[in-house]
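Student: Residue numbers (the numbering used here): 157 to 250.
Structure follows, in structure tokens:
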């Protein structure tokens, strides 16, 4: 049985997210959660929240213990890019 948690539209690049996800892939869920808690990266906090959500989903919906969980898949993909145009005088955009 697999438990899934998704973090969408997180304000971090996929490259920075992958650096953190490579550390926890294949680890026990409790160990991965502890690792994310003490990493200084901004992306580690976001991964911590998604991982914590997955653990709570497993406990609440399926009565699975934390010691039985491990990270089988973890990936970060590119999201939508927002383009900001600053309008200058005479309708010029920069």
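Note that the Cβ used here is the ideal one computed from N, Cα and C, for glycine as well.
Counting Cβ pairs, one atom from each stretch, are 3 or more of them under 8 Å apart for the stretch 176-187 and the stretch 226-236?
Tutor: The stretch 176-187 is in contact with the stretch 226-236.
Student: Using only the alpha-carbon positions, how far apart do residue 175 and residue 246 sit?
Tutor: Distance between the alpha carbons of residue 175 and residue 246: 44 Å.
Student: Measure the alpha-carbon distance for residue 222 versus residue 163 and round it to whole angstroms.
Tutor: Taking the straight line joining both Cα atoms gives about 20 Å.
Student: Secondary structure at residue 231, three-state DSSP: helix, strand or coil?
Tutor: Residue 231: coil per DSSP, three-state reduction.
Student: Between the stretch 188-201 and the stretch 213-220, are three or more C-beta pairs nearer than 8 Å?
Tutor: No, the stretch 188-201 does not touch the stretch 213-220.
Student: Taking its Cβ as the centre, do 16 or more other Cβ atoms sit within 10 Å of residue 211, making it buried, or is it exposed?
Tutor: Counting Cβ neighbours within 10 Å, residue 211 comes out buried, since at least 16 surround it.
Student: Looking only at its chain, what residues have a beta carbon closer than 8 Å to the beta carbon of residue 165, apart from the 5 residues adjacent to it on each side?
Tutor: Hits under 8 Å: 235, 236.
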